[in-house]
Every structure is written in C-alpha cells, then in structure tokens.
Amino acid sequence: MSYKWLKWLILWIPTVTIGVWEYLRHMLLLPFISMDLGNLLAPVFVFLISLTLLRSLFAKLEQMQESLQRERIVKAAFEEREQLARELHDGISQSLFMLSVKLDKLERAQSDSDVQQTTEQIRLTVRHVYDDVRQSIANLHDAPFPEDMSWMQSIHHLAAEIEQTSGIQTTVEWHVQERLLSYKQKVELLAIMREALMNVQKHARAGRIVIRGDYEAAIHSDDSTFRCTILDDGIGVSEQMLYEKGKYGVKMMQERAAAMGWTLTVQAAQHQGTKVEIIGRSI
Numbered sequence: 001m002s003y004k005w006l007k008w009l010i011l012w013i014p015t016v017t018i019g020v021w022e023y024l025r026h027m028l029l030l031p032f033i034s035m036d037l038g039n040l041l042a043p044v045f046v047f048l049i050s051l052t053l054l055r056s057l058f059a060k061l062e063q064m065q066e067s068l069q070r071e072r073i074v075k076a077a078f079e080e081r082e083q084l085a086r087e088l089h090d091g092i093s094q095s096l097f098m099l100s101v102k103l104d105k106l107e108r109a110q111s112d113s114d115v116q117q118t119t120e121q122i123r124l125t126v127r128h129v130y131d132d133v134r135q136s137i138a139n140l141h142d143a144p145f146p147e148d149m150s151w152m153q154s155i156h157h158l159a160a161e162i163e164q165t166s167g168i169q170t171t172v173e174w175h176v177q178e179r180l181l182s183y184k185q186k187v188e189l190l191a192i193m194r195e196a197l198m199n200v201q202k203h204a205r206a207g208r209i210v211i212r213g214d215y216e217a218a219i220h221s222d223d224s225t226f227r228c229t230i231l232d233d234g235i236g237v238s239e240q241m242l243y244e245k246g247k248y249g250v251k252m253m254q255e256r257a258a259a260m261g262w263t264l265t266v267q268a269a270q271h272q273g274t275k276v277e278i279i280g281r282s283i
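In terms of full-length UniProt numbering, the sequence shown opens at residue 1 and continues consecutively.
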C-alpha cells in the first residue's frame, strides 16, 4: 500500500465508520436502540476502530516515513561522495599528475637555474593540492559556514581565505541583508560562491576578484530577487573550457542553483575576465 493511500485511509475511516453506524442505526436498529444510546455508542465505535485498524495503519505509516528518511540519508551520502569524487578528479588528481611531470623535469634539469625554477613550480603545485584538499574537506562539513559566524562574516572570511592562499585581491560589495535569505539559501549560495572562487584561483590567472550582492524589491508583487556576481580580471573563459570532459566545477554550481530554482550563468566579462552571476528569488 502506498504512502498516499495510507494517509487517505486514516482520514476517511473514522468518517465512514460514523456514516455506516448512523445508516444502520436509522434503517435497522432504531426500534431496538434508543437515540441516546446510539449517540453514546457512536464515539465508542470510532474509538474501537482507532485502537484496532487505525493503530496498525499509523504503524505502517511510521515505517514508511522511517524508510523514506533512510533513503534520503543514503541518497545524500551518495551525492556527497559523488561531489567529492568530482572534486578529487578535477582538482587533486590533475594537480598530482602535473606534480609527477615536474618531478620528471627536475630529474632532467641541466643547470642550477633550471632546478630552482622547477622546484618553485613544484612548490606552487603542492600548495595548489593543499588548497584543493582544504576545499574538499570544507565541502564535507554539514554547513559551509561556522555557526558562530554571521552570513556577512562568512562571505568576508571566504574572501580573505582566497586572498591569503592565492594572493588575488578580493573585494566584497554585499548589499543583500541576512533576513532576505533563508538558511538553506545562504548555505547553497555560499557553496556556489566558494566553488566559483576556487575556479578563479585555479584557472583564471586573475589579479582581482569582486564579489557583489544586490537586492531588487518588486513593487507590485512578492517576487523580489537577489543577484550575486563574482567578477575577475583573468584570462577569460570559453564555452569549450567550461564544459570540456573531466570538468565538474561549473556543472556542480549549475546543479546547486537549479535545485534552488535559481539561474546561473558563466560568461566572459565585458572588458576582461569572467563573470559568474546567480539570480534567485528571496524569501
């Protein structure tokens, strides 16, 4: 029996019980049972039905709910593993491959300057792997920002972390108040922002990043929207670079945005660099 049918049976059985009892009482039992006695027996019958049939239906309903909850937990775990696998494949595995190539180059170095240059490249690659590992660990946490931090503090903390690890000047221009976004929206938006910033750090060769948040209140409706823009001055991006085989970052951001009913675009900026834009409805 399906979950939907169980709910309908639980709703209709007491009503049908009263209806059948009243029909039998008026059509067949009225000469034998007084009106007062019939009124007294009606809740007794409903109570007995609730103790027997409805009790078993509620037990089945609880079992179904527990089963659905277990399925949701398993699904969430698989999704988390898939996300981690994508990040490992796209970031760490490629960086380790580049590290092995540079070690081979170090073995073939002919002069001290070549050794020094290759050693510096290896150091940068190791730092890059370290950043990817930190990012993967952060994505495994239940929430992307600590509970003792406010929403704005989390954004500035993320910007400072990117600036510290990559040296890219990161500016925050945020004008969306915390109360205008639900907790779930903040969680998903910060995860998308983190992925976008990591992509800039890994691929864009940028010198500056601007994180901007704007809010537009609708005059004649409740469809107020927010707009989050991440703009860098790097080498730009092409359609082929975004969706080439083995690249998961943009796909993961789009999946998160689509799950929230938002639109996400990644395109070349007007003058130089790349612009990531998320537009969604606020609460």
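Backbone N, C-alpha and C fix where the C-beta goes; we use that ideal spot for every residue, glycine too. Keep in mind it's a predicted model, so treat the numbers as computed, not measured.
Residue range of the unbroken beta strand (DSSP E) whose run includes residue i
| i | result |
| --- | --- |
| residue 267 | 263-268 |
| residue 110 | Unbroken run through residue 110: none, as it is neither H nor E. |
| residue 216 | 208-216 |
| residue 169 | 169-174 |
| residue 274 | 274-281 |
Integer-rounded CB distance, given that residue j should sit under 8 angstroms from residue i
| i | j | result |
| --- | --- | --- |
| residue 204 | residue 231 | Contact doesn't hold; Cβ gap of about 11 angstroms is too wide. |
| residue 96 | residue 61 | At roughly 50 angstroms, the Cβ-Cβ gap does not stay under 8 angstroms, so residue 96 and residue 61 are not in contact. |
| residue 169 | residue 208 | 5 angstroms |
When the options are compared against residue i, the one with the closest alpha-carbon
| i | options | result |
| --- | --- | --- |
| residue 16 | 43, 37, 30 | 43 |
| residue 236 | 182, 267, 229 | 267 |
| residue 162 | 175, 196, 188, 189 | 196 |
| residue 13 | 58, 31, 126 | 58 |
| residue 253 | 198, 41, 23, 110 | 198 |
| residue 11 | 100, 50, 250 | 50 |
| residue 186 | 127, 249, 262, 56 | 262 |
| residue 193 | 182, 124, 249 | 249 |
| residue 259 | 206, 234, 184, 40 | 184 |
| residue 273 | 206, 111, 79 | 206 |
Residue i - containing alpha helix (DSSP H), residue span
| i | result |
| --- | --- |
| residue 237 | Segment: none, residue 237 is in no alpha helix (DSSP H) and carries neither H nor E. |
| residue 186 | 183-199 |
| residue 251 | 249-259 |
| residue 46 | 35-49 |
| residue 162 | 151-166 |
Cβ-based neighbour list, residue i, same chain, cut-off 7 angstroms, excluding 5 preceding and 5 following
| i | result |
| --- | --- |
| residue 271 | none |
| residue 288 | Nothing can be reported for residue 288, as the shown portion of the chain is limited to 1 through 283. |
| residue 104 | none |
| residue 118 | 102, 105, 106, 109 |
| residue 9 | 57 |
| residue 38 | 25 |
Neighbourhood of residue i by C-beta distance below 8 angstroms, restricted to the same chain and skipping five residues each side
| i | result |
| --- | --- |
| residue 69 | none |
| residue 201 | 131, 162, 165, 166, 168 |
| residue 150 | 178 |
| residue 77 | none |
| residue 174 | 152, 155, 211, 212, 213 |
| residue 53 | 13 |
| residue 181 | 151, 189, 226, 282, 283 |
Cutoff 6 angstroms; reference residue i; Cβ partners in own chain excluding five residues on either side
| i | result |
| --- | --- |
| residue 46 | 14, 17 |
| residue 277 | 229, 265 |
| residue 142 | In this prediction, residue 142 has a pLDDT of 45, which is less than 50 and means its spatial position is unreliable; nothing more can be read from the coordinates. |
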